[in-house]
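In what follows, a structure is listed as structure tokens, so that the remarks can point back to it.
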């Protein structure tokens, strides 16, 4: 077992949902989703084993993009959709 | 059958959706999701049996992270996205 | 076929989404989800047959917890997140 | 092929999302979900063939209850959660 | 390969989310979902091949009705739930 | 391995969720979903390998359309449903 670095386990890196741009909000959505998984499975070896599996399976990629879409709903609402 | 400790069956530990920070809100989202499962399956042995299965299956990890994302939507809205 | 008791078929037991606490709101979310299933499959024997299957399958438990998370979003919004 | 009766194909029976009670709102959520399926598959024979399959499969029941939960979110919001 | 007619590729037929009635809103939700799929797979032959598969599989029908439920949430909110 | 062009990795092309029309909003929803996947799997060869698989599988098409529906909820809210 190889432990993930501690930074990879922070649930909300930066400590805020507010971002300057939609691009950064989207990147945060991806990070939130990934760090949830790190907290459920903190063994880097297991994660590395799984990566080739899901990253070449279209259904897994669709499922992963679904999670990012849900996280982004929250972040976009937090930022009032960067309308201002 | 090994019963989970009673604290693991409380549906909303702390009794509130309000948290001081996004990080704590995110941790609460994970707890809510986990405690739902504890209430459906309160036998610790069964849960321990399942853990190596889902925690090394990328699709299960993605599905679990999806649930956390949905719980977090609720908690983030409750906290007005920690904007203040 | 064994019919479920009529109380198990009420879709919204108590007739309201308003609860005193998040804990009760969360319990209501679990009840709503379960009673939907009772209405689709009101045969207790079939339900009892399925229980050992889904309650020891991590993916089923994750899927069930997802439904509870969605129901809870509605109940939490109804209660203005118990902010008051 | 046996055609479903026309009433089973109406997408929003009653023509409104407003209901007097949460119980009726919940029943409408189940109806909306079912009538979507009727519109995709209007052959009663096919539907009857599928019923024993999904109604005794816990994962199908969980998936069906998920759809009802999503429909109910919309109906509950439409009715301002029957708060008044 | 048989190309779908161009009208089947318009993402929002009518160019608006506003409809006169919930019934029309619901029909639009079904259209939006279908036209997304047309844009991912614009070959009518492939679509026709898939239709008997998903339309007689209860789990596919449930999954399709889930998408319609999500599209309808957006349309219903856009129309302020046809409350007026 | 063939790298995707850099433009395909931008998470929010155009840098805004605001669009002139629902049609453009819908196209953006499809783009957001696709670019998430590009960021998880940036190898064009892998993506091309997966395309015939998911694009001829009705369940994959339904799952993909689900993600677009969720992205569109965010974009439609950002644009106040193009009501104005």
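Residue numbers (this note's numbering), protein chains in the order written: chain A, 156 to 239; chain B, 156 to 239; chain C, 156 to 239; chain D, 156 to 239; chain E, 156 to 239; chain F, 156 to 239.
All C-beta atoms in this analysis are idealised placements derived from N, C-alpha and C, irrespective of residue type, glycine included.
Of the residues 191/C, 195/C, 199/C and 183/C, the one placed nearest residue 194/B, counting alpha carbons only = Taking the second chain and counting its residues from 1, one reaches residue 194/B at position 39. It is 183/C.
What's the C-alpha gap between residue 180/D and residue 198/C?
-> As a working mapping, residue 180/D is identified with position 25 in the fourth chain. As a working mapping, residue 198/C is identified with position 43 in the third chain. Cα to Cα, residue 180/D sits roughly 24 Å from residue 198/C.
Select from the stretch 211–224 of chain D all residues with a C-beta closer than 8 Å to any C-beta belonging to chain C, and list them in chain order.
-> 211, 212, 213, 214, 216, 217, 218, 219, 220, 221, 223 and 224
Could you tell me whether any Cβ in chain D is nearer than 8 Å to the Cβ of residue 209/C?
-> On the third chain, residue 209/C is found 54 positions in, with the first residue counted as 1. Chain D contact via Cβ: present.
Partner residues on chain C for residue 183/B, Cβ-Cβ distance less than 7 Å | Your numbering for residue 183/B matches position 28 in the second chain. None at all; the shortest Cβ gap to chain C is about 10 Å.
Does any residue of chain E bring its CB to less than 8 Å from the CB of residue 164/D?
-> Residue numbering aside, residue 164/D sits at position 9 when the fourth chain is read from its first letter. No, residue 164/D lies away from the interface with chain E (no Cβ there is under 8 Å from its Cβ).
Should residue 224/F be labelled buried (16 or more other beta-carbon atoms within 10 Å of its own) or exposed?
-> Along the sixth chain, one-based indexing puts residue 224/F at 69. When all chains shown are included, residue 224/F counts as buried.
Count the other C-beta atoms from every protein chain shown that fall within 10 angstroms of the C-beta of residue 222/D, then say buried if there are 16 or more, exposed otherwise.
-> Position 67 of the fourth chain, counting from 1, holds the residue named residue 222/D. With 16 or more other Cβ atoms within 10 Å, it is buried.
Residue environment, residue 160/F, which counts as buried when at least 16 other CB atoms sit within 10 Å | Numbered from 1 along the sixth chain, position 5 holds the residue referred to as residue 160/F. Looking at its Cβ environment, which holds fewer than 16 other Cβ atoms inside 10 Å, residue 160/F is exposed.
Helix, strand or coil for residue 214/B per DSSP?
-> Walking along the second chain from the start, residue 214/B turns up at place 59. When DSSP states are grouped into helix, strand and coil, residue 214/B belongs to the helix group.
Who are the near neighbours of residue 188/F in its chain, counting only those whose CB is closer than 8 Å to its CB and skipping five residues on each side?
-> The residue you call residue 188/F lines up with position 33 of the sixth chain. Excluding positions up to five away in sequence, the list reads 219, 222, 223 and 226.
Does residue 226/D have its Cβ less than 8 Å from a Cβ in chain C?
-> In the fourth chain, counting from the first residue as 1, residue 226/D sits at position 71. Not closer than 8 Å to any Cβ of chain C, the Cβ of residue 226/D fails to qualify, so no.
Where the stretch 195–208 of chain B meets chain C: residues whose CB sits under 9 Å from a CB there | 195, 196, 198, 201, 202, 204, 205, 206 and 208
Residue range of the alpha helix (DSSP H) that includes residue 194/B | By 1-based counting over the second chain, the position of residue 194/B is 39. Counting along the chain, the alpha helix (DSSP H) containing residue 194/B begins and ends at 177–195.
Unbroken alpha helix (DSSP H) run spanning residue 206/D, endpoints | As a first step, residue 206/D must be located in the fourth chain, where it is residue number 51. Residues 199–209.
Segment contact flag, the stretch 226–236 of chain A with the stretch 164–180 of chain A, C-beta cutoff 8 Å, min 3 pairs = yes
Check whether the Cβ atoms of residue 202/F and residue 210/F sit closer than 8 Å, and answer yes or no.
-> As a working note, residue 202/F is residue 47 in the sixth chain. As a working note, residue 210/F is residue 55 in the sixth chain. Their beta carbons are not under 8 Å apart, which means residue 202/F does not touch residue 210/F by this criterion.
Going by DSSP, what residues sit across from residue 158/E in a beta bridge?
-> Along the fifth chain, one-based indexing puts residue 158/E at 3. In DSSP, residue 158/E forms a bridge with 198/E.
Cβ of residue 171/F less than 8 Å from any chain A Cβ?
-> One-based indexing of the sixth chain puts residue 171/F at position 16. Yes, its Cβ sits closer than 8 Å to a Cβ of chain A.
Per-residue contacts from residue 177/A into chain F (C-beta, under 7 Å) | Indexing the first chain from 1 puts residue 177/A at position 22. Within chain F, the residues near residue 177/A are 167, 170, 171 and 172.
Establish whether the CB of residue 231/A and some CB of chain F are separated by less than 8 Å.
-> To locate residue 231/A, count along the first chain from 1; it is residue 76. For residue 231/A, the answer is yes, since a Cβ of chain F falls inside 8 Å of its Cβ.
Going along chain D in order, which residues have a C-beta closer than 9 Å to the C-beta of residue 157/C?
-> Along the third chain, one-based indexing puts residue 157/C at 2. Near residue 157/C there are no residues of chain D at all, since even the closest Cβ is about 14 Å away, more than 9 Å.
What's the C-alpha gap between residue 200/A and residue 185/B?
-> Within the first chain, the letter at position 45 stands for residue 200/A. Within the second chain, the letter at position 30 stands for residue 185/B. So the two alpha carbons sit approximately 23 Å from each other.
Would you mind working out which of 213/D, 157/D and 178/D sits nearest residue 207/C, comparing C-alpha positions?
-> Within the third chain, the letter at position 52 stands for residue 207/C. When only C-alpha atoms are compared, the closest one is 213/D.
Which chain D residues sit within Cβ distance under 7 Å of residue 161/C?
-> Walking along the third chain from the start, residue 161/C turns up at place 6. Correct list: empty, because the minimum Cβ distance to chain D is about 13 Å.
Within 8 Å (strictly less), CB to CB, does residue 186/C reach chain D?
-> Taking the first residue of the third chain as position 1, residue 186/C is located at position 31. Judged by the 8 Å Cβ criterion, residue 186/C is not in contact with chain D.
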